[in-house]
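Residue numbers (the numbering used here): 2 to 347.
In structure tokens, the structure reads:
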């Protein structure tokens, strides 16, 4: 599968975004710059105003695979809707590919492709018709359109002429991804893109998204699959109650968790934890598995291994579990991520 850099091929019809067509060659340092962004929804007689975002500052470098995580109601959807031009901000500034969303709205919107969480498709159009219509909106001439290529990538080639209303939830989600990447935007926002998608197709979609990223496309991802975010994202921001409470490279974020777990399988059967090991936080899974929980800042792995050996035990197998993104998420927000919604897959 070959992926070209998102700046080309350029639309033959340049009337929609002539500045974008020219300025892509200068490649801005940052794909998205958010400064002092706030959003307050007005209240009414029954409910007070609600602040969804509070003075948010985020910088997404060009070419990053950037994760935006947070509990339900944290403000993620509001942030994405502002980027997509669907929600007006209360204060602050947003630049997408160096274009201010207030003063250069058209080019800012052309520079971004958004995969929404909601399955909002016209039920009376086929996938082919929807993609052709989308291409026309972005000024892509018939010879430069890649409808069949995109349908093949998202696994909908055999459904190209079926009405959208006949597609399963997973298929409709794939079609949304196709619409978002059709015009080769330099920035792609994925809001729960694989919810309701089967495992095999999920891997196929991520392979394509990673290839897009490696070719230069900046990816912004929100997901409840924290393992996906941990594996894919080079940088992660965590939002809680409208505030950015963490924004670091993924590896650095994982270092925040001090607690580790070590499992030692010994060569002798045990009925109880040896006295020499009871000074540690250790449990026995009979007959031979000792599970240690310890803090890196207080206990060295070598200290535990030495204690096991001094207890007269031989270690047959040893495994150490590093901190996971879910642990960091729970420590910072106090919330366990909600399982993704279930669509009727595939």
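Glycine included, each C-beta is placed from N, C-alpha and C at the ideal position.
In this structure the segment 306-323 does not touch the segment 233-248; the number of beta carbon pairs closer than 8 Å is below three. In this chain, the beta strand (DSSP E) harbouring residue 262 covers 260-267. Beta-bridge pairing by DSSP links residue 222 to 68, 191. Here DSSP, grouped into helix, strand and coil, assigns residue 298 to coil. A straight-line Cα-Cα distance of about 18 Å links residue 227 and residue 205. Contact check between the segment 59-73 and the segment 232-239: three or more CB pairs, one atom from each, fall below 8 Å, which counts as touching. Taking a 10 Å sphere around the C-beta of residue 134, we find fewer than 16 other C-beta atoms and assign the residue as exposed.
Under the three-pair Cβ rule at 8 Å, the segment 68-82 counts as touching the segment 212-231. Minimum Cα-Cα distance from residue 154 among the listed residues 137, 168, 172 corresponds to 172. If you check the CB distance, residue 157 and residue 175 come in under 8 Å. Residue 308 holds the alpha-carbon nearest to the alpha-carbon of residue 274 among 182, 88, 185, 308. Here the alpha carbon of residue 106 sits roughly 44 Å from the alpha carbon of residue 323.
When the Cα atoms are used, residue 58 and residue 177 turn out to be separated by approximately 28 Å.
Cα atoms of residue 287 and residue 295: separation of roughly 20 Å, rounded to the nearest angstrom. Between residue 112 and residue 50, the C-beta spacing is not below 8 Å.
In the structure shown, residue 125 adopts coil according to DSSP, grouped into three states. Annotated three-state conformation of residue 285 is strand, per DSSP. A contact between stretches requires three or more CB pairs, one per stretch, nearer than 8 Å, and the segment 119-126 fails this requirement with the segment 40-54. Contact between residue 88 and residue 144 does not hold, since the beta-carbon distance rounds to 36 Å and is not under 8 Å. Under the three-state reduction of DSSP output, residue 92 falls in the strand class. Your pair residue 258 and residue 329 checks out as a contact, with CB atoms roughly 6 Å apart and the cut at 8 Å. According to DSSP, residue 106 shares a beta bridge with no other residue.
Straight-line spacing of the CA atoms in residue 280 and residue 272 works out to 17 Å.
Of the residues assessed, residue 124 falls on the exposed side of the cut-off, its CB having fewer than 16 other CB atoms within 10 angstroms.
Restricting attention to 313, 33, 73, 37, the CA atom closest to the CA of residue 242 is found in 73. Taking 3 residues as the shortest admissible run, the segment 135-210 contains the following complete beta strand (DSSP E) segments, listed from N- to C-terminal end: 188-192.
In this structure, the beta-carbon distance from residue 184 to residue 137 does not fall below 8 Å. Per DSSP, reduced to three states, the secondary structure at residue 250 is strand. The residues 203, in chain order, have a CB closer than 6 Å to that of residue 195 in the same chain once the five nearest residues on each side in sequence are set aside. A residue is called buried when at least 16 other Cβ atoms come within 10 angstroms of its Cβ; residue 200 does not meet this threshold and is exposed. In the structure shown, residue 320 adopts extended strand secondary structure according to DSSP, grouped into three states.
Assignment of residue 31 by DSSP, reduced to helix, strand and coil, places it in the strand class.
According to the DSSP assignment, residue 73 belongs to no alpha helix (DSSP H), since it is labelled neither H nor E. Within the DSSP secondary-structure output, residue 62 pairs in a beta bridge with 31. If you look at residue 241, you'll find it isn't in any alpha helix (DSSP H); it sits in the beta strand (DSSP E) that goes 236-241. Boundaries around residue 329 are those of the alpha helix (DSSP H), 326-334, since no beta strand (DSSP E) includes it.
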